[in-house]
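A.B. asks: For the sequence shown, this note's numbering assigns the number 1298 to the initial residue and increments by one for each residue that follows.
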Amino acid sequence: MGLAPLLPTGEDSPERLDELAEALCNVLTEALQISCRPSRPEKNAKWWNKTCAQASRIFRNYRHNNPNPIPQRIEAFWQEHKRDIFRIVAWHKPRDGMEAPPLVIDGLTVIEPEAKAEALRTALLERNSEDLETGWVPTVPRRRL
């Protein structure tokens, strides 16, 4: 087979057992390195080196010890101007969440909920009632189902 030339040949004796075991380990290690990729690949960028890693570590430590100042400034602004802002908007009273818009049916604007219900019933449900009274004939389909 393909491994035979890689292993030492000669007479088998107890003295050569260590040499044969080491050669077998080398062959298996080389076969694994060729057939498998490393479990933790190196950085993809060719330019990443120890200097970059050190600078990255220093920056992470700095950010950990010195949090982002923007949220702190926003909080300080609110603490300083909280009373002024609430005094400015105190006059504002929000409306109810859901208010249905008025209906316009046949040029007539309807606002009250009961009147809207009556107008919709009249406009939608009673519009074909006169057809039933005058002998309404159902439509015949054009083709057979």
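By construction, the Cβ of each residue, glycine as well, lies at the ideal position given by its N, Cα and C atoms.
#1: Look up Leu1400 in the DSSP assignment and give the residues it is bridged to.
#2: To the nearest angstrom, how far is it from the Cα of Gln1351 to the Cα of Arg1357?
#3: Give every residue of the same chain whose Cβ lies closer than 6 Å to the Cβ of Pro1368, excluding the five residues on either side of it in the sequence, and list them in chain order.
#4: For Ala1342, which three-state DSSP category applies?
#5: Taking the alpha-carbon positions, what's the Leu1415 to Glu1396 distance?
C.D. replies: Let me spell this out:
#1: By one-based count along the sequence shown, residue 1400 stands at place 103. Val1407, per the DSSP bridge assignment.
#2: If you number the sequence shown from 1, residue 1351 lands on position 54. If you number the sequence shown from 1, residue 1357 lands on position 60. Cα to Cα, Gln1351 sits roughly 10 Å from Arg1357.
#3: To locate residue 1368, count along the sequence shown from 1; it is residue 71. So the list is empty, once near-sequence residues are dropped.
#4: Counted from its first residue, the sequence shown places residue 1342 at position 45. Of the three classes helix, strand and coil, the one that applies to Ala1342 here is coil, per DSSP.
#5: Within the sequence shown, numbered from 1, the residue matching residue 1415 stands at position 118. Within the sequence shown, numbered from 1, the residue matching residue 1396 stands at position 99. Looking at the sequence shown, residue 1415 is not Leu but Glu. Between the C-alpha atoms of Glu1415 and Glu1396 there is a straight-line separation of about 18 Å.
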